Every structure is written in C-alpha cells, then in structure tokens.
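Visitor: This is the structure I have questions about; it appears just below.
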Amino acid sequence: MSDSGRKRKVRGTKIRSDREQKETRNVAEETSAETAAKIGDRMSRSDDAPSPDVGGEPFVETDEIARYRERVQRWLAAEEPVHLVGPSGCGKTALALEVARNRDRPVVWMNGDADLDTEDLVGAYAGKESYTERDGFVSDVVKKKEVVRDRWVDNPLTVAVREGATLVYNEFSRSKPAANNVLLSVFEEGVLELPGQRGEDRQVEAHPDFRTILTSNSAEYAGVHEPQDALLDRLVAVHLGRYSPETETEIVAAHTELPRERVETVVEAMCELREDDEIPVPVSIRATITAAKGLDAFPDDESLGDLCADVLAAHATTTDDAASLRDQITDLL
C-alpha cells in the first residue's frame, strides 16, 4: 500500500512506511503488503466468512433491525469502533457481518476464546525464508549473497489494519483482557504495535478504511471476561435486547418451511416461556428457530411443549433439572 493512499492523521508516533529499495535485489518472496493481501483474501472474503444465519439464509431486516444497523453504520462512518452487546442468540453476529459486508471492503473474521493471545491477533515469526541479493555496483562485476531470515506471518488484526478491512471480532470478551491490550493503540492513535516484530516493522499505521466491530455477550454469561476500562473508553457500545414478536416471527419464518400461522404459534410459545420468571434457562431466537424446525420435522401430533423442552433442555445440567424443566414447559404450554 502506498503512502499516497494514507490521509489519516495519526496522533501518535509517525510511522515510517517507506522501504529502502535495492534495485539489484531478487527477492524470493512476496512483499509484506502482497502477503497480507493474500492472507486477508483467504481469511476475509465476505462470501467465505462464517455465516451467523442458521442454514445460510439471507439476513432478515425489519424496521426494528434497520434502526440498529443504521446506528452501527453511522458510528463506523465516524471512525469509531463499535461494540455490539447482548444476550446469546439475539443476532449480534448476524448484524455485525451484515454491516461489514455492506462497507464494500474486505471482511476479516476472528473468534475470541480463553486461549487466544496477542500473537493470535497480530502475528508471529513462522520459520525461515531466504532470498538472493545481486550487487551490480561495479560494472561487469556481479556479487551474489544469499540471506536467510525469520519469516513473519500476519494474523487477522494486522491483516485488517494493513489492508483497510473491516475486522469482525466475535465474542471478543471471551478472550483474556491482556490479549486485547494491543487494540488500545490502534483505536487511540491509529497505530498497531507488533510486540514480536523487530526494528521499524514493529509498528503499522492503520489504513484509513480500517474499521472494527466487536461482539460479546452480557457480562453475566459464563466464560465472559470483563474488558478493561481503558479499552471500553475507546469503544462505542450498541446494546441489543430481545426483538419484538413481530421481528422474531420474520426471522424464524426466513429460516423454516413452516406456514406463517405455525411460525406465529412457535414464536408465541417461546415468548411466553421467555417472559416466565420460573423458566431458569435463556430462550433465544436461535432456540425459537430450532423449535420451529422441530415442528416441521415431527408428526403433527407431536406436542409443542415437548419440542420446546427438547430445545431448552440443552441448558439443563442434570437429568433431574431437565425433567423439572420439561414439566414446567408442558404445564405452561
């Protein structure tokens, strides 16, 4: 990427992005920008990105969802990283990918987890590479020298920063806070620090089109870490709640072959379970879609209560808990 394409004002240290050219060098590797672009293309083409839609159906948008989408788009246009927060199964990932795809920029996807560290975000040295230098400074005299050096491989964050992609960092709060410290300088100064790199390559200036959408469950969910305040101060948060029954009906209808009236029956039942304080497990839209698919797959005489109990019993920790949950659901429905 040439410097002429970078118009973003960096508030931190000025990054030297020029490369000393050696006209006689025959490098047996691609340049770092070309490598990053190819890695980014393999990792981040939106057609290859993991789809949040069950069954791969298209993104469903109602007026309610459109208001969330427009809000996220406006914050990205203001060059702010966006954090989508909400309960499991409320459509955070679907919304994040839809907004990212609509930016007409590459999409880099990554999933947070407890084992992820800084290298998994930015990259690391991976083996050796060699190239040959030819020195033709003296006429009719050619000198050759083989150089062997460590080979650096960019990981998702670095690819997105270099290439101006949209980074969708799904479930980022499942990663340990220390791993995400590298995001601080990116969001504040537009500069990515590569802790494992050496020399002037240790810092990467963010492409002006680089944007980030992070998603995470609410803090009360198991396996979720509380992000550091310094990072939260550099994000804007859009909290997603439960959608209205009308929106949920549209989403479920797009994912099943059920007639409309049967979809409405399933949605009504699951909404009733969701609102009942005695039901001790979360009732997500994802669970509603699964229940609707069950209603389509089982015989007509299958109890809707039994189907919903099968779906929600995945959250029960013991056989007794599952039996108790089933009794509660069938009594309620």
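Each number in the working numbering corresponds to the 1-based position in the sequence shown with 621 added. Cβ atoms here follow ideal geometry from the backbone N, Cα and C, with glycine treated the same way. Every value quoted in this text rests on a predicted model; they were computed, and no experiment measured them.
State the DSSP-derived secondary structure class of Asp941, mapped to helix, strand or coil.
Guide: What you label residue 941 is simply residue 320 of the sequence shown in a count that begins at 1. In the structure shown, Asp941 sits in a helix (DSSP, three-state: H, G or I).
Visitor: Among residues of its own chain, excluding the 5 on either side of Ser806, which ones have a beta-carbon nearer than 6 Å to its beta-carbon?
Guide: To locate residue 806, count along the sequence shown from 1; it is residue 185. Excluding residues within five positions, the ones whose Cβ falls inside 6 Å are Val812, Glu814.
Visitor: Whether or not the segment 884-904 and the segment 868-876 are in contact is what I'm after, with contact meaning three or more pairs of Cβ atoms, one per stretch, closer than 8 Å; do they touch?
Guide: Yes, they touch.
Visitor: Do Leu705 and Val857 come within 7 Å of each other at the CB atom, strictly closer than that value?
Guide: Residue 857 sits at position 236 when you count from the first residue of the sequence shown. Residue 705 sits at position 84 when you count from the first residue of the sequence shown. No, the pair does not count as a contact, with Cβ atoms beyond the cut-off.
Visitor: From Gln849 to Thr836, what does the alpha carbon distance come to, in whole angstroms?
Guide: Reading the sequence shown from its first residue, position 228 is the one you call residue 849. Reading the sequence shown from its first residue, position 215 is the one you call residue 836. Near 15 Å, if we compare the C-alpha coordinates of Thr836 and Gln849.
Visitor: If you draw a straight line from the C-alpha of Asn801 to the C-alpha of Pro903, how long is it?
Guide: For the purposes of this step, residue 801 is taken as the residue at position 180 of the sequence shown. For the purposes of this step, residue 903 is taken as the residue at position 282 of the sequence shown. Looking at the two C-alpha atoms, the distance is approximately 28 Å.
Visitor: Going by DSSP, what residue range makes up the beta strand (DSSP E) through Arg832?
Guide: Position 211 of the sequence shown, counted from the first residue, corresponds to residue 832. Segment 832-837, the beta strand (DSSP E) holding Arg832.
Visitor: Tell me, please, whether the segment 789-803 touches the segment 729-740 by the rule of three or more beta-carbon pairs shorter than 8 Å.
Guide: Verdict: yes, contact present.
Visitor: Taking its Cβ as the centre, do 16 or more other Cβ atoms sit within 10 Å of Thr787, making it buried, or is it exposed?
Guide: Translated into positions along the sequence shown, residue 787 becomes position 166. Thr787 is buried by the Cβ-count criterion.
Visitor: According to DSSP, simplified to helix, strand and coil, what is Gln824?
Guide: Working through the sequence shown from its first residue, we reach residue 824 at position 203. DSSP places Gln824 in strand when its eight states are reduced to three.
Visitor: Provide the residue(s) that pair with Val803 in DSSP beta bridges, ordered along the chain.
Guide: Here residue 803 refers to the residue found at position 182 of the sequence shown. In the DSSP output, where bridge partners are listed per residue, Val803 has none listed.
Visitor: Go through its chain and collect everything with a Cβ distance to Phe808's Cβ below 8 Å, but skip five positions before and after it.
Guide: If you number the sequence shown from 1, residue 808 lands on position 187. Taken in chain order, the residues that qualify are Pro702, Thr833, Leu852, Arg855, Leu856.
Visitor: With H, G and I counted as helix, E and B as strand and the rest as coil, what does DSSP make of Gly785?
Guide: Along the sequence shown, read from residue 1 onward, the residue named residue 785 stands at position 164. In the structure shown, Gly785 sits in coil (DSSP, three-state: anything other than H, G, I, E or B).
Visitor: Please identify the residue among Leu925, Ala935, Val693 whose C-alpha is closest to the C-alpha of Asn723.
Guide: The residue you call residue 723 lines up with position 102 of the sequence shown. Ranking Leu925, Ala935, Val693 by Cα distance to Asn723 puts Val693 first.
Visitor: Measuring only the C-alpha atoms, how far is Tyr846 from Asp741?
Guide: If you number the sequence shown from 1, residue 846 lands on position 225. If you number the sequence shown from 1, residue 741 lands on position 120. Contrary to the premise, residue 846 reads as His rather than Tyr in this sequence. About 18 Å.
Visitor: Expressed to the nearest angstrom, what Euclidean distance is found between the alpha-carbon atoms of Pro804 and Glu719?
Guide: Stepping through the sequence shown from its first residue, residue 804 is reached at position 183. Stepping through the sequence shown from its first residue, residue 719 is reached at position 98. The sequence shown places Leu at residue 804, not Pro. Cα-Cα distance, rounded: 23 Å.
Visitor: In angstroms, rounded to a whole number, what distance separates the CA positions of His828 and Leu697?
Guide: Position 207 of the sequence shown, counting from 1, holds the residue named residue 828. Position 76 of the sequence shown, counting from 1, holds the residue named residue 697. For His828 and Leu697, the distance between alpha carbons rounds to 14 Å.
Visitor: Please confirm whether Ser905 and Gly710 have their CB atoms less than 7 Å apart.
Guide: In the sequence shown, the residue the question calls residue 905 occupies position 284. In the sequence shown, the residue the question calls residue 710 occupies position 89. Their beta carbons are under 7 Å apart, which means Ser905 touches Gly710 by this criterion.
Visitor: Tell me, please, which residues DSSP counts as bridged to Leu778.
Guide: The residue you call residue 778 lines up with position 157 of the sequence shown. DSSP lists no partner for Leu778.
Visitor: Going by Cα to Cα distance, which pick from Asp738, Ile686, Glu700, Asp725 is closest to Thr569?
Guide: This structure cannot settle anything about residue 569, because the visible part of the chain is limited to 622 through 954.
Visitor: How long is the line joining the alpha carbons of Pro901 and Glu682, rounded to whole angstroms?
Guide: Here residue 901 corresponds to residue number 280 of the sequence shown, with the count starting at 1. Here residue 682 corresponds to residue number 61 of the sequence shown, with the count starting at 1. So the two alpha carbons sit approximately 30 Å from each other.
Visitor: Between Arg726 and the rest of its own chain, which residues show a CB-CB distance below 7 Å, the 5 nearest in sequence each way excluded?
Guide: Taking the first residue of the sequence shown as position 1, residue 726 is located at position 105. Excluding residues within five positions, the ones whose Cβ falls inside 7 Å are Gly785, Ala786, Thr787, Asp830.
Visitor: Helix, strand or coil for Tyr689? Go by DSSP, reduced to three states.
Guide: Against the sequence shown, residue 689 aligns to sequence position 68. The answer is helix: DSSP assigns Tyr689 an H, G or I state.
Visitor: Look up Ala735 in the DSSP assignment and say whether it is helix, strand or coil.
Guide: As a working mapping, residue 735 is identified with position 114 in the sequence shown. Coil.
Visitor: In this structure, what does DSSP give as the bridge partners for His936?
Guide: Position 315 of the sequence shown holds residue 936. None; His936 has no bridge partner.
Visitor: From which residue to which residue does the beta strand (DSSP E) around Gly894 run?
Guide: Counted from its first residue, the sequence shown places residue 894 at position 273. The question names Gly, but residue 894 is Leu in the sequence shown. No beta strand (DSSP E) contains Leu894, which is instead part of the alpha helix (DSSP H) from 881-896.
Visitor: CA-CA distance, Glu700 and Arg881?
Guide: For the purposes of this step, residue 700 is taken as residue 79 along the sequence shown, with counting starting at 1. For the purposes of this step, residue 881 is taken as residue 260 along the sequence shown, with counting starting at 1. Taking the straight line joining both Cα atoms gives about 41 Å.
Visitor: Can you give me the Cβ contacts of Lys797 inside the same chain, cut-off strictly under 7 Å, excluding the 5 residues immediately before and after it?
Guide: Taking the sequence shown and counting its residues from 1, the one referred to as residue 797 is at position 176. Result list for Lys797: Ala735, His846, in chain order.
Visitor: Report the three-state DSSP secondary structure of Gly811 (helix, strand or coil).
Guide: Residue numbering aside, residue 811 sits at position 190 when the sequence shown is read from its first letter. Correct three-state label for Gly811: coil.
Visitor: Roughly how many angstroms separate the alpha carbons of Arg895 and Ala912, rounded to a whole number?
Guide: Position 274 of the sequence shown holds residue 895. Position 291 of the sequence shown holds residue 912. Roughly 14 Å separates the two Cα atoms.
Visitor: Considering only the beta carbon of each residue, do Asp927 and Thr877 sit closer than 7 Å?
Guide: Translated into the one-based positions of the sequence shown, residue 927 becomes position 306. Translated into the one-based positions of the sequence shown, residue 877 becomes position 256. Not closer than 7 Å, so no.
Visitor: Going by Cα to Cα distance, which pick from Arg907, Asp952, Pro777, Asp898 is closest to Ser924?
Guide: Stepping through the sequence shown from its first residue, residue 924 is reached at position 303. The residue with the shortest Cα to Cα distance from Ser924 is Asp952.
Visitor: Determine the direct distance from the alpha carbon of Leu716 to that of Ala670, and round the result to whole angstroms.
Guide: Sequence index remark: in the sequence shown, residue 670 carries index 49 (1-based). Sequence index remark: in the sequence shown, residue 716 carries index 95 (1-based). Low per-residue confidence applies at Ala670: pLDDT is 40, beneath 50, and the placement is therefore not dependable, though the value from the model is reported in the following sentence. For Ala670 and Leu716, the distance between alpha carbons rounds to 13 Å.
Visitor: Decide if Thr739 is buried, meaning its Cβ has at least 16 other Cβ atoms within 10 Å, or exposed.
Guide: Start at 1 with the first residue of the sequence shown, and residue 739 comes out as number 118. The residue is buried, with at least 16 neighbouring Cβ atoms inside 10 Å.
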